[in-house]
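Below: the structure, in structure tokens.
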Amino acid sequence: MSQLKLSTELVSQMHQFLIQHDENAQDPGVASQYLCAVVGCLLGEQDMPESQKEEILAQLFAFTRHVTQDIAQQMHTPPPEAVVGIWKPGMG
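Taken in order, the sequence shown gives residues 92 to 183; the numbers are from this note's numbering.
Here's what the structure looks like:
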């Protein structure tokens, strides 16, 4: 897969665009359905064997799962604590 330039700003702008189209898209589940439908439309328009489309869908699902898990982990990982002090050799 390609290297993506994903940012919170891009995600927010896309979400806001969907809300402008349908205010029900404020619900992340509805917004996600729209995005999945767009993927289905784009892939469905491609002239390729169904088996290839199924393989791409499987790859996209695995990628979506990876991003979901990565974001969830980032949200639950506490930020590193600031450390202030003087370190001297031999200190543990």
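Note that beta-carbon positions come from the ideal geometry of N, C-alpha and C, so glycine has one too.
It should be emphasised that the depicted structure is a prediction, and the values quoted were computed from it without experimental measurement.
For residue i, the nearest candidate out of the options (CA to CA)
i: L95; options: P180, H167 and V158; result: V158
Neighbourhood of residue i by C-beta, 8 Å cutoff - its chain only, sequence neighbours within 5 removed
i: D113; result: V121 and Y125
i: L134; result: K144, I147 and L148
Beta-carbon contacts of residue i that lie in its chain and below 7 Å, excluding the five residues immediately before and after
i: S98; result: none
i: E136; result: none
Own chain partners of residue i with C-beta closer than 6 Å, once the 5 adjacent residues on each side are dropped
i: L109; result: A116, A122 and Y125
i: H106; result: A122
Short Cβ contact (8 Å threshold) for residue i with residue j
i: L151; j: V129; result: no
Query raised in the report: If you scan the region 118 to 171 from start to end, which runs of the beta strand (DSSP E) of 3 or more residues do you find wholly inside it?
Result: Correct list: empty.
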